[in-house]
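Asker: Before I ask anything, here is the structure I am working with.
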Amino acid sequence: MPQYRTALGAEGLRHYEALLREHWDALPVLGSEAKGQWDAGRYSVEQAMEALARTTGDIHAVAAVLEKNLSNATRFQKLVQLHQEHGDLDQALHWAMAGLEAFGYAHTTELADFAINLHIRREDKDAAQAVAWSRFAAAPGHRAFYQLLDTAKRLGRKRELEKQALWLLGDCMRVEEAKETKPTPWQTHYRSELLAIAIQSKQSDQAWELFRGGKTAKHLWEPLAALRAPSHPQDALTVYRILLPLRVDEGRGNARYESAFAIVKAMQAVYRRIGQLNKFQDELVGWKGQWRSKRNFMKLLAALG
2 MPQYRTALGA EGLRHYEALL REHWDALPVL GSEAKGQWDA GRYSVEQAME ALARTTGDIH
62 AVAAVLEKNL SNATRFQKLV QLHQEHGDLD QALHWAMAGL EAFGYAHTTE LADFAINLHI
122 RREDKDAAQA VAWSRFAAAP GHRAFYQLLD TAKRLGRKRE LEKQALWLLG DCMRVEEAKE
182 TKPTPWQTHY RSELLAIAIQ SKQSDQAWEL FRGGKTAKHL WEPLAALRAP SHPQDALTVY
242 RILLPLRVDE GRGNARYESA FAIVKAMQAV YRRIGQLNKF QDELVGWKGQ WRSKRNFMKL
302 LAALG
């Protein structure tokens, strides 16, 4: 509509606005209970009404349009941006917190970030911590853990929140593993989340304890072995031996074995470090016999002797 204001003229604009408001007034008010619903016709009317309201320069008119449909977190984000752009940080914070309460802390990262940053700017550390912790507790995991620690460092409360977060993750792991039913693939596996944290923070002994204590995600085993190799080479070799047949099997589909060969070279490096290359050669002979039918893998192994 804004692009056609001149073409419409005063009379055309009045007629357009009257027709638009007729459709607008017929729309029901929507709250978070309507999340997940989609109406293309309603969306078109909302977009047109918002554009019309913005031409007036009246922030309250724009806000009223946005507030009529609060069925998704994006609407709250637009209200935050609107009030922030007009310098009303109190209202911006109100809508950020309202959005977090309506849609939860796990999937409203932008709203949480805004609330945390504003609380910190206002030197309200307790309020900032409350939002950061609520976001972590809503979906605890290794990414959420480091996100929490970023805020904790800004608040000067890293040790306190790190301890609490690790305790919560450990408790989640214990509850999960006590259940008789196994978690589905799309659910969080807390032992793996804790292992990822231990690896990233280079806590070798803690990582090894988690690995030995139960089932963990396979994609963490190679970085675990790399972490363990300098101090406990035999542990690293144990993990690599578990990984190697899996990687060989993964490469079978397209006859490409680069990832399997990377495991072999990692094992060679460990054996070299501990002065036992003769044992590596013995294992190499065994692999050549075990996987002799995989010619592309044999070509890679041939380069090692």
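Sequential numbering from 2 applies to the sequence shown in our numbering.
Beta carbons: idealized from backbone N, C-alpha and C, even for Gly.
Asp-57 lies in the alpha helix (DSSP H); which residues open and close that run?
Answerer: This sequence places Thr at residue 57; Asp is not what is there. Counting along the chain, the unbroken alpha helix (DSSP H) around Thr-57 starts and ends at 41-57.
Asker: Closest to Ala-166 by C-alpha separation, out of Glu-68, Glu-178, Tyr-147, would be which residue?
Answerer: Tyr-147
Asker: Pick out the complete beta strand (DSSP E) segments inside the region 238-268, 3 residues or longer, and give them in chain order.
Answerer: none
Asker: Quickly, what does DSSP pair Leu-31 with across the bridge? List them, please.
Answerer: Under DSSP, Leu-31 takes part in a beta bridge, and its partners are Asn-70.
Asker: With DSSP collapsed to three states, give me the class of Lys-203.
Answerer: Residue state, collapsed to three classes: coil.
Asker: With DSSP run on the structure shown, which of helix, strand or coil describes Ala-197?
Answerer: helix
Asker: Near Gly-287, which residues of its chain fall below 7 Å by C-beta distance, leaving aside the five closest residues on each side in sequence?
Answerer: none
Asker: Of all the options Gly-58, Arg-55, Leu-301, His-24, which has the alpha carbon lying nearest to the alpha carbon of Tyr-44?
Answerer: His-24
Asker: Using 8 Å as the cut-off, can you tell me whether the region 64-81 makes contact with the region 18-35, which would need three or more C-beta pairs spanning the two stretches below that distance?
Answerer: yes
Asker: Count the other C-beta atoms from every protein chain shown that fall within 10 angstroms of the C-beta of Tyr-5, then say buried if there are 16 or more, exposed otherwise.
Answerer: exposed
Asker: Sorted by chain position, which residues of the same chain lie with C-beta nearer than 7 Å to Leu-238's C-beta, five sequence neighbours on each side aside?
Answerer: The residues are Met-268, Val-271.
Asker: Could you tell me how far apart the beta carbons of Leu-67 and Arg-55 are, in whole angstroms, since I believe they sit closer than 8 Å?
Answerer: With 8 Å as the limit, Leu-67 and Arg-55 do not qualify as a contact, their Cβ atoms being about 11 Å apart.
Asker: Between Ile-117 and Ala-133, which are expected to be in contact by the criterion C-beta below 8 Å, what is the C-beta distance as a whole number of angstroms?
Answerer: 6 Å
Asker: Name the residue from Glu-47, Arg-15, Ala-19, Leu-21 whose alpha carbon lies nearest to the alpha carbon of Val-30.
Answerer: Glu-47
Asker: Tell me the rounded alpha-carbon separation between Arg-158 and Pro-224.
Answerer: 29 Å
Asker: Which residue marks the beginning of the alpha helix (DSSP H) containing Trp-134, and which one marks its end?
Answerer: 126-139
Asker: Should Arg-248 go down as buried or exposed, given a rule of 16 or more other Cβ atoms within 10 Å for buried?
Answerer: buried
Asker: Starting from His-24, trace the alpha helix (DSSP H) both ways and give me its first and last residue.
Answerer: 6-26
Asker: With H, G and I counted as helix, E and B as strand and the rest as coil, what does DSSP make of Thr-185?
Answerer: coil
Asker: By alpha-carbon positions, which one of Ser-202, Thr-109, Leu-228, Thr-189 ends up nearest to Lys-216?
Answerer: Closest by alpha carbon: Thr-189.
Asker: Quick check: Gln-78 and Glu-51, are their CB atoms within less than 7 Å of each other?
Answerer: Against a cut-off of 7 Å, the Cβ pair of Glu-51 and Gln-78 comes out as no contact.
Asker: How should Gly-214 be labelled, buried or exposed, when 16 other C-beta atoms within 10 angstroms of its C-beta is the threshold for buried?
Answerer: exposed
Asker: Give me the Cα-Cα distance between Glu-163 and Leu-170, rounded to the nearest whole angstrom.
Answerer: Glu-163 and Leu-170 have their C-alpha atoms some 11 Å from each other.
Asker: Taking 7 Å as the threshold (C-beta atoms), are Ile-121 and Arg-144 in contact?
Answerer: no
Asker: How would you label Arg-273, buried or exposed, when you count the other beta carbons within 10 angstroms and need 16 or more for buried?
Answerer: exposed
Asker: How is Gly-276 classed by DSSP in three states: helix, strand or coil?
Answerer: coil
Asker: If you check the beta carbons only, do Ala-179 and Ala-139 fall under 7 Å apart?
Answerer: no
Asker: If you draw a straight line from the C-alpha of Glu-194 to the C-alpha of His-16, how long is it?
Answerer: CA-CA distance, Glu-194 to His-16, rounds to 59 Å.
Asker: My guess is that Gly-252 and Ser-260 are in contact by the Cβ rule of under 8 Å, so how many angstroms apart are they, rounded?
Answerer: The pair is a contact, with the Cβ atoms about 7 Å apart (cut-off 8 Å).
Asker: Which first and last residues belong to the alpha helix (DSSP H) in which Pro-231 is found?
Answerer: Per DSSP, Pro-231 belongs to no alpha helix (DSSP H) and is neither H nor E.
Asker: Report, in whole angstroms, the separation of the C-beta atoms of Leu-211 and Ala-227, which I expect to be a contact under 8 Å.
Answerer: About 16 Å; that fails the 8 Å criterion.
Asker: So, for Leu-244: in the same chain, excluding its five sequence neighbours on each side, which residues have a beta-carbon less than 7 Å away from its beta-carbon?
Answerer: Trp-222, Glu-223, Ile-264
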